[in-house]
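Here's the structure, in structure tokens; my notes come after.
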Amino acid sequence: MTYIYYLDLFGTFVFAISGILAAVDKKLDLVGALILGFVTAVGGGTLRDMMIGETPVGWMKDLNYGLVIVAALPVCFFWKKIILRLKKSWFLFDTIGIGLFTILGLQKTLALGLSPIIAVLMGVVSAVFGGVIRDVLSNEIPLIFRKEIYASACFAGGLVFLAAEYFFPGAMINILASISTVIIIRYLSVRNQWSIKFNPLS
Amino acid sequence: MTYIYYLDLFGTFVFAISGILAAVDKKLDLVGALILGFVTAVGGGTLRDMMIGETPVGWMKDLNYGLVIVAALPVCFFWKKIILRLKKSWFLFDTIGIGLFTILGLQKTLALGLSPIIAVLMGVVSAVFGGVIRDVLSNEIPLIFRKEIYASACFAGGLVFLAAEYFFPGAMINILASISTVIIIRYLSVRNQWSIKFNPLS
Amino acid sequence: MTYIYYLDLFGTFVFAISGILAAVDKKLDLVGALILGFVTAVGGGTLRDMMIGETPVGWMKDLNYGLVIVAALPVCFFWKKIILRLKKSWFLFDTIGIGLFTILGLQKTLALGLSPIIAVLMGVVSAVFGGVIRDVLSNEIPLIFRKEIYASACFAGGLVFLAAEYFFPGAMINILASISTVIIIRYLSVRNQWSIKFNPLS
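In order, the protein sequence lines correspond to chains A, B and C.
So the number in my numbering is just where the residue sits in the first sequence, counting from 1, plus 830.
So the number in my numbering is just where the residue sits in the second sequence, counting from 1, plus 830.
So the number in my numbering is just where the residue sits in the third sequence, counting from 1, plus 830.
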């Protein structure tokens, strides 16, 4: 499935940009920006691979991942204003990225014979821990803990994918259904401020 | 040794509650609380397993660990006040938890043929790094660096267990002796403020 | 190559001292200082080994690494003033340490058959992530993001080593050339404040 491979590279690119923009925000230098972009883009998948024992971790075996991350640096430098103005499209790109990372992490874990629920969890780890590491290195409380139903949207998307695969194994529509779930949940949660309303712990 | 298995699940449950309570303290939402509970409960063992190469890490192969963590969420929600009032018993539960995690981490490392002193260290890592990760994600300097002889108590408990196993291999009393060591050292250190008194670096 | 082994132990010792001094700065207690020294000294190599799948990680199989770290504690205690006065020599020791860690990490990764550029990256990870973890645990934005061309110097040193090995495989001069590169770049960057001048992102 080559189109998935290109979508994966695209997701890596989007995550790298989000890491570099965080670095600009923190007034880091060029190298700091590159490191933060790298960590944000591959951090989640690296943690997943170390946990499930798929080492050397994935991006080490295919240099294209490193290349798109390095390519994100001049893009941020020359088109920074355009990217920041793209806010709405950006939200869409980012959500496609996390939806895709969820599915890829899920599939990789299932292939090792681990339980489906653990596979969904590892999908979520792949999708959200790059951002968590970015925030920890920037000395912020991870965004995942502060705003939006980010992890929950991935979790739901993973469940939808599992269910769809059960009924239509290998159908391309499964990926679309799963990513649409992530997009819809995230969109509705931001619009309706769900994380504030449904919090019995507060 | 089934009773150890149940004690391990109990320790996981206690650690999950401590993570969820930290999340409540930081005003995180439900999902944030679940993630912080999860990370606190399995973080130390996960790091140990990745370091010694026992992957996929332990909790992925037995869903009961995930279940007791999820179960900790409604417990915190409905009985929060009771848990906070239980302060003294809580200190005991928590100390039994770290003592047990130390012994289990130690045994798992020894079984791989690594040196006994490395096994004790990995026991300490299993016991304390869940809390370290909880504190890092909450943007706090880890508690382990600020208060109480937490890590030292685990280290001493690990040494006592090693010595006891040398003389009485496999005796149940070894676990009791080790956990009692952790409890006594931690109790005395809090009561007598040892970490403040014995610090030639200050 | 035994002299490399001793240089590696020396680098570990230097990094342990830098971790312990950070702990003194943050007013941690003795055990906190030991933990921070340990993490700073072996953190980078541990992360590298977990990522490339060389587990159990290196320092677990050779107790000398643990010994030099423990030995750093009394050294910091008795000669703290002398160490702080040694600022210039310290800069040299530290730079030799990161240069050496870069080369060792690079060689270990190459030996697994991974791409040379990934090997250079893993060399940089070995050299700088101990410090990154030290800063994260001390609740600081990692130094690597704030000052000095630390990671870039390692990267350049790694490239020089690769090129030199290509022309003169196994020559001792390669290591000298590589470490000299790291020292010169770092020295020039601090003197000329390169990180401030060359930052198109600011």
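Here a beta-carbon is modelled for each residue, glycine too, at the ideal position from N, C-alpha and C.
Quiz item: Would A/ILE928 count as contacting chain B if we go by Cβ distances under 9 Å?
Solution: For the purposes of this step, residue 928 of chain A is taken as the residue at position 98 of the first sequence. False, the Cβ-Cβ gap to chain B never drops below 9 Å.
Practice problem: Could you name the residues of the same chain whose beta carbon sits closer than 8 Å to that of C/ALA994, not counting the 5 residues immediately before and after it, in chain order? | Solution: Taking the first residue of the third sequence as 1, we reach residue 994 of chain C at position 164. Cβ neighbours of C/ALA994 beyond the five flanking positions: ALA1001, ILE1003, ASN1004, ALA1007, SER1008.
Quiz item: Along chain A, which residues have their Cβ under 9 Å away from the Cβ of C/VAL966?
Solution: On the third sequence, residue 966 of chain C is found 136 positions in, with the first residue counted as 1. Per Cβ cutoff of 9 Å: VAL966, LEU967, ASN969.
Self-check item: Three-state secondary structure assigned by DSSP to A/LEU914
Solution: In the first sequence, residue 914 of chain A corresponds to position 84, counting from 1. Helix at A/LEU914.
Exercise. Step through the CB atoms of chain C and report whether any lies within less than 9 Å of the CB of A/MET1002.
Key: For the purposes of this step, residue 1002 of chain A is identified with residue 172 of the first sequence, where counting begins at 1. It does not; no Cβ of chain C falls within 9 Å.
Practice problem: Just tell me which of A/ILE947, A/LYS856, A/THR870 has its CA closest to the CA of A/ILE933. | Solution: The residue given as residue 933 of chain A occupies position 103 in the first sequence. Among A/ILE947, A/LYS856, A/THR870, the Cα nearest to that of A/ILE933 belongs to A/ILE947.
Practice problem: Please report how far the alpha carbon of C/ASN969 lies from the alpha carbon of B/ASN969, in whole angstroms. | Solution: One-based indexing of the third sequence puts residue 969 of chain C at position 139. One-based indexing of the second sequence puts residue 969 of chain B at position 139. Between C/ASN969 and B/ASN969, the C-alpha separation is close to 7 Å.
Quiz item: For A/VAL990, does the count of other Cβ atoms within 10 angstroms reach 16, so buried, or fall short, so exposed?
Solution: Along the first sequence, read from residue 1 onward, the residue named residue 990 of chain A stands at position 160. By the 10 Å Cβ count, A/VAL990 comes out buried.
Exercise. Anything in the stretch 871-895 of chain A with a Cβ closer than 7 Å to a Cβ of chain B? List those residues in chain order, please.
Key: MET880, MET881, ILE882, GLY883
Quiz item: Residues of chain B with a CB under 9 Å from the CB of A/SER1010: which are they?
Solution: On the first sequence, residue 1010 of chain A is found 180 positions in, with the first residue counted as 1. Ordered by position in chain B, no residue passes the 9 Å Cβ test against A/SER1010, which lies about 20 Å from the chain.
Quiz item: Where B/TYR836 and B/MET890 are concerned, what is the direct C-alpha to C-alpha distance, given to the nearest angstrom?
Solution: Here residue 836 of chain B corresponds to residue number 6 of the second sequence, with the count starting at 1. Here residue 890 of chain B corresponds to residue number 60 of the second sequence, with the count starting at 1. If I take the Cα positions, the gap works out to 17 Å.
Quiz item: How about B/VAL905: is its C-beta nearer than 9 Å to some C-beta of chain A?
Solution: Within the second sequence, the letter at position 75 stands for residue 905 of chain B. For B/VAL905, the answer is no, since every Cβ of chain A falls outside 9 Å of its Cβ.
Quiz item: By Cβ distance, which residues of its chain are closer than 8 Å to B/MET952, with the 5 residues on each side in sequence left out?
Solution: In the second sequence, residue 952 of chain B corresponds to position 122, counting from 1. Counting only Cβ-Cβ distances below 8 Å, and skipping sequence neighbours, we find ARG878, MET881, ILE882, GLY935, LEU936, LYS938, THR939, LEU944.
Self-check item: Sequence ranges, alpha helix (DSSP H) only - wholly within the stretch 863-944 of chain A, length at least 4
Solution: 893-915, 917-940
Quiz prompt | Partners in chain C for B/LEU948, counting only beta-carbon separations shorter than 7 Å | solution = By one-based count along the second sequence, residue 948 of chain B stands at place 118. Correcting the residue type first, residue 948 of chain B is Ile in the shown sequence and not Leu. The answer, in chain order, is MET890.
Practice problem: With 9 Å as the C-beta to C-beta threshold (strictly closer), list the residues of the stretch 847-865 of chain A near chain F in chain order. | Solution: Among the chains of the structure shown, chain F does not appear; the protein chains present are A, B and C.
Quiz item: CA-CA distance, C/GLY896 and C/PHE868?
Solution: Reading the third sequence from its first residue, position 66 is the one you call residue 896 of chain C. Reading the third sequence from its first residue, position 38 is the one you call residue 868 of chain C. About 8 Å.
Practice problem: Please report the residue range of the alpha helix (DSSP H) in which C/ILE979 lies. | Solution: As a position in the third sequence, residue 979 of chain C is number 149, starting the count at 1. Looking at the DSSP string, C/ILE979 is not in any alpha helix (DSSP H), and its letter there is neither H nor E.
Quiz item: Of all Cβ atoms in chain C, is any one closer than 9 Å to the Cβ of B/SER945?
Solution: Translated into positions along the second sequence, residue 945 of chain B becomes position 115. Closer than 9 Å: yes.
Quiz item: Taking only beta-carbon atoms, is A/VAL962 less than 9 Å away from chain B?
Solution: Working through the first sequence from its first residue, we reach residue 962 of chain A at position 132. Answer yes: the Cβ-Cβ gap between A/VAL962 and chain B drops below 9 Å somewhere.
Practice problem: Check whether the Cβ of B/LEU951 lies closer than 9 Å to any Cβ atom in chain C. | Solution: Counting from one through the second sequence, the residue named residue 951 of chain B turns up at place 121. Taking Cβ atoms only, chain C reaches closer than 9 Å to B/LEU951, which makes this a yes.
Practice problem: Assuming C/GLY960 and C/GLY873 form a contact by the criterion Cβ under 8 Å, report the distance between their Cβ atoms to the nearest whole angstrom. | Solution: Taking the third sequence and counting its residues from 1, the one referred to as residue 960 of chain C is at position 130. Taking the third sequence and counting its residues from 1, the one referred to as residue 873 of chain C is at position 43. Contact holds; Cβ gap of about 4 Å.
Exercise. Compare the Cα-Cα distances from B/VAL1020 to each of B/VAL962, B/GLU884, B/TYR980, B/LEU860 and report the closest residue.
Key: Counting from one through the second sequence, the residue named residue 1020 of chain B turns up at place 190. Nearest option by C-alpha distance: B/TYR980.
Quiz item: Between which two residues does the alpha helix (DSSP H) containing B/SER1010 stretch?
Solution: Working through the second sequence from its first residue, we reach residue 1010 of chain B at position 180. Start and end: 1002-1022.
Practice problem: Check whether the Cβ of C/LEU922 lies closer than 9 Å to any Cβ atom in chain A. | Solution: The residue labelled residue 922 of chain C in the question sits at position 92 within the third sequence. No, C/LEU922 lies away from the interface with chain A (no Cβ there is under 9 Å from its Cβ).
Quiz prompt | Contact with chain A by C/LEU942, beta-carbon distance below 9 Å | solution = Position 112 of the third sequence holds residue 942 of chain C. Yes, because at least one Cβ of chain A sits closer than 9 Å to the Cβ of C/LEU942.
Practice problem: For my contact list, B/PHE843 and B/VAL898 are in at a C-beta cut-off of 8 Å; report their separation, rounded to the angstrom. | Solution: As a working mapping, residue 843 of chain B is identified with position 13 in the second sequence. As a working mapping, residue 898 of chain B is identified with position 68 in the second sequence. About 4 Å; that satisfies the 8 Å criterion.
Quiz item: Going by the CB atoms, is the gap between B/ILE928 and B/ALA983 shorter than 9 Å?
Solution: Start at 1 with the first residue of the second sequence, and residue 983 of chain B comes out as number 153. Start at 1 with the first residue of the second sequence, and residue 928 of chain B comes out as number 98. Yes; because the gap between Cβ atoms is below 9 Å, this pair is in contact.
Quiz item: So B/LEU930 and A/VAL966 are in contact, right, with Cβ under 8 Å, and what is the actual spacing, rounded?
Solution: One-based indexing of the second sequence puts residue 930 of chain B at position 100. One-based indexing of the first sequence puts residue 966 of chain A at position 136. Rounded, the Cβ-Cβ distance is 28 Å, inconsistent with contact.
Quiz prompt | Simplified DSSP state of A/ILE834, which is helix, strand or coil | solution = Counted from its first residue, the first sequence places residue 834 of chain A at position 4. Three-state result, A/ILE834: helix.
Quiz item: What is the DSSP secondary structure of A/ASP855, reduced to helix, strand or coil?
Solution: For the purposes of this step, residue 855 of chain A is taken as the residue at position 25 of the first sequence. If DSSP states are grouped into helix, strand and coil, A/ASP855 belongs with the helices.
Quiz item: Would you call the CB atoms of B/ILE926 and B/GLY849 closer than 9 Å?
Solution: For this step, residue 926 of chain B is matched to residue 96 along the second sequence. For this step, residue 849 of chain B is matched to residue 19 along the second sequence. Not closer than 9 Å, so no.
Practice problem: Give the secondary structure of A/ILE971 by DSSP, where H, G and I count as helix, E and B as strand, and everything else as coil. | Solution: Counting from 1 along the first sequence, the entry for residue 971 of chain A is found at position 141. Three-state result, A/ILE971: coil.
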